[in-house]
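Q: Just passing along the structure, written as structure tokens.
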Amino acid sequence: MSIKSDRWIRQMAEEHGMIEPFEPDLVRRNSAGERVISYGVSSYGYDVRCADQFKIFTNINSATVDPKNFDEQSFVDVQADHCVIPPNSFALASTVEYFRIPRSVLTICLGKSTYARCGIIVNVTPLEPEWEGHVTLEFSNTTNLPARIYANEGVAQMLFLESDEICETSYKDRGGKYMHQRGVTLPQA
Numbered sequence: 005m006s007i008k009s010d011r012w013i014r015q016m017a018e019e020h021g022m023i024e025p026f027e028p029d030l031v032r033r034n035s036a037g038e039r040v041i042s043y044g045v046s047s048y049g050y051d052v053r054c055a056d057q058f059k060i061f062t063n064i065n066s067a068t069v070d071p072k073n074f075d076e077q078s079f080v081d082v083q084a085d086h087c088v089i090p091p092n093s094f095a096l097a098s099t100v101e102y103f104r105i106p107r108s109v110l111t112i113c114l115g116k117s118t119y120a121r122c123g124i125i126v127n128v129t130p131l132e133p134e135w136e137g138h139v140t141l142e143f144s145n146t147t148n149l150p151a152r153i154y155a156n157e158g159v160a161q162m163l164f165l166e167s168d169e170i171c172e173t174s175y176k177d178r179g180g181k182y183m184h185q186r187g188v189t190l191p192q193a
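Just so we're aligned: the sequence shown equals residues 5 to 193 in my numbering.
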């Protein structure tokens with residue numbers, strides 16, 4: 005298994021639609037020239053952005069968090085250019101980018117150090133071979149202060165690991181429950 009470089013990522017995105025929309029360079033400034041948290045191709049990964057729709061966890065209904073019976077009322081929906089996560093809480097968002105993972109590739113999502121240095125942790129998650137969709141991201145605010153994340157700026161990095169052999173059974177073959185997800189997708193039993 006080998007980690008894939010910027011050249012491979014560009015080729016897979018441009019020739020096979022692996023990432024859409026795709027930014028072939030690392031973007032550090034927006035169209036107005038203002039600094040942004042970087043996104044796009046890096047040396048050995050791709051820095052994704054989160055969309056502007058957030059689900060912020062709230063416990064106003066005193067619900068129990070249960071992955072087999074998740075109560076959608078546990079979230080407040082927000083559409084904005086940023087999201088403020090309450091202390092010791094979390095929020096969900098999805099990537100701007102839509103992914104089509106090749107059958108020989110395992111992709112791992114890691115948090116960006118800019119957010120980690122502020123106590124905001126992005127859940128580490130795999131994108132399995134032949135999985136397709138927007139990635140639902142979970143941001144945990146580990147601090148006792150409100151924390152902000154920005155839409156349409158870099159929030160996490162995807163690393164692409166290619167195997168020297170094709171997997172016997174892919175996510176698509178299994179009919180995975182999160183296949184083709186669009187936007188924020190809540191837990192499904």
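Glycine residues also receive a C-beta, built at the ideal position from the N, C-alpha and C atoms.
Can we say the segment 49-59 touches the segment 88-96, given the rule of at least three CB pairs closer than 8 Å?
A: Output reads yes: the segment 88-96 touches the segment 49-59.
Q: Look at residue 191 and residue 106 and say whether their C-beta atoms are less than 7 Å apart.
A: Position 187 of the sequence shown, counting from 1, holds the residue named residue 191. Position 102 of the sequence shown, counting from 1, holds the residue named residue 106. It is not a contact, given that the beta carbons lie outside the stated cut-off.
Q: How many angstroms separate the CA atom of residue 51 from the CA atom of residue 44?
A: Taking the first residue of the sequence shown as 1, we reach residue 51 at position 47. Taking the first residue of the sequence shown as 1, we reach residue 44 at position 40. The alpha-carbon atoms of residue 51 and residue 44 are separated by roughly 5 Å.
Q: I'd like to check one pair, residue 162 with residue 111: are the Cβ atoms closer than 7 Å?
A: Locating residue 111 in the sequence shown gives position 107, counting from the first residue. Locating residue 162 in the sequence shown gives position 158, counting from the first residue. Their beta carbons are under 7 Å apart, which means residue 111 touches residue 162 by this criterion.
Q: How about residue 62 and residue 140: are their beta carbons less than 7 Å apart?
A: In the sequence shown, residue 62 corresponds to position 58, counting from 1. In the sequence shown, residue 140 corresponds to position 136, counting from 1. No.
Q: Less than 7 Å between the beta carbons of residue 182 and residue 134, yes or no?
A: To locate residue 182, count along the sequence shown from 1; it is residue 178. To locate residue 134, count along the sequence shown from 1; it is residue 130. Contact: no.
Q: Pick helix, strand or coil for residue 86, following the three-state DSSP scheme.
A: The residue you call residue 86 lines up with position 82 of the sequence shown. Three-state DSSP puts residue 86 in a strand.
Q: Quick one: complete beta strand (DSSP E) runs, 3+ long, within the segment 67-133?
A: The segment 67-133 contains these whole beta strand (DSSP E) runs: 79-83, 86-89, 94-104, 109-115, 124-126 and 129-131.
Q: What residue range does the alpha helix (DSSP H) around residue 170 cover?
A: The count along the sequence shown starts at 1 and reaches residue 170 at position 166. First-last for residue 170: undefined, no H or E at that position.
Q: Here's a check: name, in chain order, each residue in its chain whose Cβ is nearer than 8 Å to the Cβ of residue 128, leaving out the five neighbours to either side.
A: Here residue 128 corresponds to residue number 124 of the sequence shown, with the count starting at 1. Only 112, 113, 114 and 115 meet the Cβ criterion.
Q: Look at the alpha carbon of residue 89 and the alpha carbon of residue 75, and state the distance between them as a whole number of angstroms.
A: Looking up residue 89 in the sequence shown gives position 85. Looking up residue 75 in the sequence shown gives position 71. Approximately 19 Å between the Cα atoms of the pair.
Q: Could you pull out every residue in the same chain whose Cβ sits closer than 6 Å to the Cβ of residue 26, ignoring the five residues on either side in sequence?
A: The residue you call residue 26 lines up with position 22 of the sequence shown. The residues are 17.
Q: With distance defined between alpha-carbon atoms, name the residue in 29, 122 and 41 nearest to residue 149.
A: Reading the sequence shown from its first residue, position 145 is the one you call residue 149. It is 122 whose Cα lies nearest to the Cα of residue 149.
Q: Using DSSP with H/G/I as helix, E/B as strand and the rest coil, what is residue 17?
A: On the sequence shown, residue 17 is found 13 positions in, with the first residue counted as 1. Residue state, collapsed to three classes: helix.
Q: Look at the alpha carbon of residue 13 and the alpha carbon of residue 172, and state the distance between them as a whole number of angstroms.
A: Translated into positions along the sequence shown, residue 13 becomes position 9. Translated into positions along the sequence shown, residue 172 becomes position 168. When rounded, the distance between both Cα atoms is 23 Å.
Q: Looking at residue 126 and residue 103, is the spacing between their C-beta atoms short of 7 Å?
A: Residue 103 sits at position 99 when you count from the first residue of the sequence shown. Residue 126 sits at position 122 when you count from the first residue of the sequence shown. Not in contact: residue 103 and residue 126 (Cβ atoms no closer than 7 Å).
Q: Mark residue 53 as exposed unless 16 or more other C-beta atoms lie within 10 angstroms of its C-beta, in which case mark it buried.
A: One-based indexing of the sequence shown puts residue 53 at position 49. Under this definition residue 53 is a buried residue.
Q: Which residue from 85, 170 and 138 puts its Cα closest to that of residue 24?
A: Your numbering for residue 24 matches position 20 in the sequence shown. The candidate whose alpha carbon is nearest that of residue 24 is 138.
Q: Give me whichever residues DSSP pairs with residue 189 in a beta bridge.
A: Reading the sequence shown from its first residue, position 185 is the one you call residue 189. Beta-bridge pairing links residue 189 to no other residue.
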